[in-house]
Each structure stands twice: as C-alpha cells, then as structure tokens.
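Mapping the sequence shown onto our numbering, position 69 (from 1) lands on 108, and the numbers just tick up by one.
So the structure is just underneath, and the comments pick up after that.
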Amino acid sequence: MQIGIKRTLDRIPGGMMIVPLVFSAILVTFAPTTGAFFGSFTGALFTGALPILAVFYVCMGATISIRSLPRVARHGGVLLGSKVAMGIIAGLILGHFLGEAPITSGWFAGLSTLAVVAALNDTNG
Numbered sequence: 040m041q042i043g044i045k046r047t048l049d050r051i052p053g054g055m056m057i058v059p060l061v062f063s064a065i066l067v068t069f070a071p072t073t074g075a076f077f078g079s080f081t082g083a084l085f086t087g088a089l090p091i092l093a094v095f096y097v098c099m100g101a102t103i104s105i106r107s108l109p110r111v112a113r114h115g116g117v118l119l120g121s122k123v124a125m126g127i128i129a130g131l132i133l134g135h136f137l138g139e140a141p142i143t144s145g146w147f148a149g150l151s152t153l154a155v156v157a158a159l160n161d162t163n164g
C-alpha cells in the first residue's frame, strides 16, 4: 500500500512548507500543551528553535553521501573563509576612514565600523 502524501503536497504551491506550517499553527492554537504531553523531546520541538534546527541538520546530513563530504567541506570552507575575509577587509577600510566612534550627523548617523562588520558577518549564507 502506497500513501500519496508527497504527490498531494506537490499539488499545493509551496506545499512542503505551507501544509506543515498551517497544520502546526492549527495544532498549537487549539491544543497548546500537545508538545508537553508527548514527552521531553517533542516538548522541546514545540518550545525552542534549537531542537528543531538540530533535527533539520541531522536530516540534511543524512542525505549527504560520504563520498561527497570533501567537496561539501571545501565549498563550505571557501564560503566561510570569504565571508570572514570580507568582514575583516571592510572593518580595516572603514576603521581607517571612520575610526572607532560612530558617525554623528548626516544620513549615516549612528553607523559605526563595528555595526558594519557585524552586519556583513551575521548572515545565513
């Protein structure tokens, strides 16, 4: 017996995200203590972002084959290294022109070197 859940979700635009989100919103709205009823792990999934991110990363890691790990690590390392290098370069250049104190007037009032470096390095990519 085959259940066509994936086929049904593919009929809805964005169904892989929208359907679980709507289902969860309805569940939490009408039964907010459901997570605590099923135990500590399920309760943690309902209360915080960290456990759900851990589950997401484990599931994503389970789809990567061992042979592709060096390539994935190389690409991730290049992206991480370039992001950190861009933050350092921007910090050095802006530190030279702006100094340590924030700008006090004009369009960029309140902008500091630290704020720019934090904005450049605090991304999801």
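In this text, a Cβ means the ideal position worked out from N, Cα and C, and glycines have one as well.
Does DSSP put residue i in a helix, in a strand, or in coil?
| i | result |
| --- | --- |
| Pro90 | helix |
| Phe76 | helix |
| Asp161 | coil |
| Phe85 | helix |
| Phe48 | What sits at residue 48 in the sequence shown is Leu, not Phe. Of the three classes helix, strand and coil, the one that applies to Leu48 here is helix, per DSSP. |
| Pro71 | coil |
| Phe136 | helix |
| Pro109 | helix |
Only counting the same chain, and skipping five residues up and downstream in sequence, which positions put a Cβ closer than 6 Å to that of residue i?
| i | result |
| --- | --- |
| Ala83 | Pro90 |
| Leu137 | Thr152 |
| Arg106 | none |
| Met55 | Leu48 |
| Gly149 | Pro141 |
| Gly116 | none |
Leaving out five residues before and five after residue i in sequence, what residues of the same chain have Cβ atoms less than 8 Å from its Cβ?
| i | result |
| --- | --- |
| Thr86 | Gly74 |
| Leu108 | none |
Would you check if the distance between the CB atom of residue i and the CB atom of residue j is smaller than 8 Å?
| i | j | result |
| --- | --- | --- |
| Val156 | Gly126 | yes |
| Ile103 | Val111 | yes |
| Ile57 | Ile51 | yes |
In angstroms, rounded to a whole number, what distance separates the CA positions of residue i and residue j?
| i | j | result |
| --- | --- | --- |
| Phe69 | Leu159 | 41 Å |
| Gly78 | Gly145 | 55 Å |
| Met59 | Gly130 | Reading off the sequence, residue 59 comes out as Pro, not Met. Distance between the alpha carbons of Pro59 and Gly130 is about 42 Å. |
| Ile128 | Asp161 | 15 Å |
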